[in-house]
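Enquirer: These protein sequence lines map, in sequence, to chains A and B.
Under my numbering, the first residue of the first sequence carries the number 1, and numbering increases by one thereafter.
Under my numbering, the first residue of the second sequence carries the number 1, and numbering increases by one thereafter.
The beta carbon of each residue, even a glycine, is placed where N, CA and C say it ideally should be.
Mind looking over this structure? Questions follow.
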Amino acid sequence: MNNRIIETFNLSKIYHLKERKTIQALDDVNIQINEGEKFGLLGPNGAGKTTMVSILSTLIQPSSGYAIINGENILKNPNKIKSKIALMLGNDMIYYRISGYANLKFFCKVYDIKDYKKKIEHVTREFGIGKWLNEYVERYSTGMKCKLALCRILLSNPKILFLDEPTMGLDVKTTKFIIDKLKHSNKTIFLTSHNMDIVEKLCTRIAFIKNGKIIKAGSKEELRKLLQKRVRIFIGINENKIKLKQELEQQDYISYISNEETGLKIELLNRNYYNKLFPIFGKYKITKIQEIELSIEDLFLKIVD
Amino acid sequence: MSSSKTIRRIFSKTFAIAEKNIRIQVRFKYFMFWKWVLPIITLLMPIIILDRFLDYSTNFGPWTKENFMVFILIGYTIMIMQGMIDYIPKSLLREKYWKTLPALMVAPFNRFYLLFGYIISEFIGILLPFTAFFIAILIFFPLSLPTLIIVLLMLLGIGIVFSGLGLFLGVFAISNENFLYVFNLITRFIFWFSCVSYPFQLFPRAVQNIINANPIYYLIDLIRLAWIENNIIFTILSHPIHIFIFAISLVIFPLICVYIFNIIYKKLGIKGY
Chain A
1 MNNRIIETFN LSKIYHLKER KTIQALDDVN IQINEGEKFG LLGPNGAGKT
51 TMVSILSTLI QPSSGYAIIN GENILKNPNK IKSKIALMLG NDMIYYRISG
101 YANLKFFCKV YDIKDYKKKI EHVTREFGIG KWLNEYVERY STGMKCKLAL
151 CRILLSNPKI LFLDEPTMGL DVKTTKFIID KLKHSNKTIF LTSHNMDIVE
201 KLCTRIAFIK NGKIIKAGSK EELRKLLQKR VRIFIGINEN KIKLKQELEQ
251 QDYISYISNE ETGLKIELLN RNYYNKLFPI FGKYKITKIQ EIELSIEDLF
301 LKIVD
Chain B
1 MSSSKTIRRI FSKTFAIAEK NIRIQVRFKY FMFWKWVLPI ITLLMPIIIL
51 DRFLDYSTNF GPWTKENFMV FILIGYTIMI MQGMIDYIPK SLLREKYWKT
101 LPALMVAPFN RFYLLFGYII SEFIGILLPF TAFFIAILIF FPLSLPTLII
151 VLLMLLGIGI VFSGLGLFLG VFAISNENFL YVFNLITRFI FWFSCVSYPF
201 QLFPRAVQNI INANPIYYLI DLIRLAWIEN NIIFTILSHP IHIFIFAISL
251 VIFPLICVYI FNIIYKKLGI KGY
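See the structure below:
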């Protein structure tokens, strides 16, 4: 049986702005995450991702609703939760004016970590920043800062990692390195991002959030099934492209058509409509028909639009 | 967990904060130099003016040509300690914008360890100029051992009151910065009317009335009087109002400030970054 480690109950957050205006950052959010699961929360800017992470990590309180984390209520026992979680907001939350080692030593003391020298040595060697430890963090590259921030949160050996845009500003190589490290850890990960790539590669379950509401959630496979109903096809054509486009636009089973350099890109509402296309294609000199695999990014764009 | 382990843990966490803050401060070495020299520059003018005044006039209350350096040097030590009021809000503000404050707030860590850590680091930061000037005053005007001990305890008391004020301002640094600047201005006025640089007797009657309503004035004045009278029993008996206000301030100021800090922090949390 799966062991539920994060569960929210009608979690809402309202921010009060100037002139008595309010903004609903979270609206009755209910999610469940099992122990060891890598959960991704995807959404556009201002969707409520950071608010969600801030509430679950006990940094701010919800306006209504509550959450149970590792068996404890965030409103009643935030201190019991704190020793089991770690939060990383971007590459921040480290002191730039002191050395990497001083940063890690400081957080080890704050988290009451015994034998911290060995642990620091081990974790920094694993992340490849060992030889930079005595340098001021302000001299680190963005990737190194990110690695140091990850070392910081991993040192306390938390059960749950809350990561808000952890790979922001990182190059492909460092992002891959970080995804690999996180993927092979046994921690429960709650990741928020608008970077589809990291979410798709790391997370086993994904939820989409927009205007504070969860609008779709499921495992990657479930979401893919949802995508598979629709088919996106590239049609290569050199002559009469506009005529073909006009004809396709009249078909009600085609939801989307776009002009490409060497042809057209269309999207069918359902795979079953595939056969209806061939009589139309027969009238033109089609050079290529290729099915395009839909990514989580496509689904994201579809949902948020 | 045994109480000794708990105490050790609290000390370890508090000193970790202090150590980190000192490391950040000494990152730019001239910052410390600036911090120590600034009050001297501020006090140079009163020294020049008072010296000239005392050449012509007989004295200002108990302050004469012979003992006015005690007045000035105690003023300097108070000014150094005044930095404690600014230090907590400045540090909290900095941590808020560095986004390191959330890292501490989500740690299994009482926010008062953080504040005590700030106070300790500021104490350590001012220790060198404070000690130097304290010894300088002792050379100008030596004290008996009981008075010396009482004066040191009084200075510690002032440190606690100032830290309380810093705490009060600090909560606005993280919750609502607008109020920080308003209250900062108020504390400037409080110090302006506390006779830290000029003797009470030098001010016109209307200003003296304002000074009389300022508890900080009594705290500073009591230390100066205790020093020049050099007889702690005599000082206690001859300045009961000073003693009363000192004792009340020492208890009430920190308690009110901690109370306000807790209320505002719980209500507003960290805002504005």
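1) Give me whichever residues DSSP pairs with F208 (chain A) in a beta bridge.
2) Strictly by DSSP, which residues pair up with T8 (chain A)?
3) Do we get a CB-CB distance below 7 Å when we pair V110 (chain A) with the residues of chain B?
4) With 7 Å as the C-beta to C-beta threshold (strictly closer), list the residues of the segment 131-153 of chain B near chain A in chain order.
5) Quick one: what's got a C-beta closer than 7 Å to N3 (chain A)'s C-beta in the same chain, skipping five residues either side?
6) Using only the alpha-carbon positions, how far apart do I223 (chain B) and Y96 (chain A) sit?
7) Less than 7 Å between C-beta atoms, sequence neighbours within five positions excluded: which residues of the same chain meet that for I260 (chain B)?
8) So, is the C-beta of P102 (chain B) closer than 7 Å to a C-beta in chain A?
9) Which residues, in chain order, does the segment 2-17 of chain B contribute to contact with chain A at a C-beta distance below 7 Å?
10) In the DSSP assignment, the beta strand (DSSP E) including Y218 (chain B) goes from what residue to what residue?
11) Between which two residues does the beta strand (DSSP E) holding S54 (chain A) run?
12) Look at the Cβ atom of K13 (chain A), then the Cβ atom of A25 (chain A), and state whether they are nearer than 7 Å.
13) Roughly how many angstroms separate the alpha carbons of I241 (chain B) and K90 (chain B), rounded to a whole number?
14) Counting contacts by CB-CB distance shorter than 7 Å, is V106 (chain B) in contact with chain A?
15) Cβ of K65 (chain B) less than 7 Å from any chain A Cβ?
16) Determine the burial state of M45 (chain B): buried for a count of at least 16 other Cβ atoms within 10 Å of its Cβ, exposed for fewer.
17) According to DSSP, what are the bridge partners of S99 (chain A)?
18) Quick check on this structure: which residue in A:A47, A:G46, A:G43 and A:S64 has the alpha carbon closest to the alpha carbon of L11 (chain A)?
19) Determine the direct distance from the alpha carbon of E261 (chain A) to that of G71 (chain A), and round the result to whole angstroms.
20) Can you name the residues of chain A whose CB is closer than 8 Å to the CB of R27 (chain B)?
21) Along the segment 39-61 of chain A, what residues have a CB closer than 9 Å to any CB found in chain B?
22) In three-state DSSP terms, what is K114 (chain A)?
23) Assign N91 (chain A) to buried or exposed, taking buried as 16 or more other Cβ atoms, counted over all protein chains shown, within 10 Å of its Cβ.
24) Quick one: which chain A residues come within Cβ less than 7 Å of I24 (chain B)?
25) Excluding the 5 residues preceding and the 5 following N186 (chain A) in the sequence, name in chain order all residues of the same chain whose CB lies nearer than 8 Å to its CB.
26) Closest to Y116 (chain A) by C-alpha separation, out of A:T124, A:K105 and A:V110, would be which residue?
27) In three-state DSSP terms, what is K283 (chain A)?
28) Comparing the C-beta of K276 (chain B) with each C-beta of chain A, is any distance below 7 Å?
29) For F106 (chain A), return the contacting residues in chain B, with the cut-off set at a CB-CB distance below 9 Å.
30) Classify D55 (chain B) as buried or exposed, calling it buried when 16 or more other Cβ atoms lie within 10 Å of its own Cβ.
Expert: In short, the structure shows the following:
1) A:L42 and A:K216
2) A:A67
3) yes
4) none
5) N34 and E35
6) 41 Å
7) F168 and V171
8) yes
9) R9, S12, K13 and A16
10) Not the beta strand (DSSP E): Y218 (chain B) falls in the alpha helix (DSSP H), residues P215 to E229.
11) Looking at the DSSP string, S54 (chain A) is not in any beta strand (DSSP E); the run it does join, the alpha helix (DSSP H), is K49 to L56.
12) yes
13) 34 Å
14) yes
15) no
16) exposed
17) A:Y136
18) A:S64
19) 56 Å
20) R97, I98 and Y136
21) S54, S57, T58, L59, I60 and Q61
22) coil
23) buried
24) Y95, R97 and I98
25) G36
26) A:K105
27) coil
28) As displayed, chain B neither begins before 1 nor continues past 273, which places residue 276 (chain B) out of reach and without an answer.
29) A16, I17, E19, K20 and R23
30) exposed
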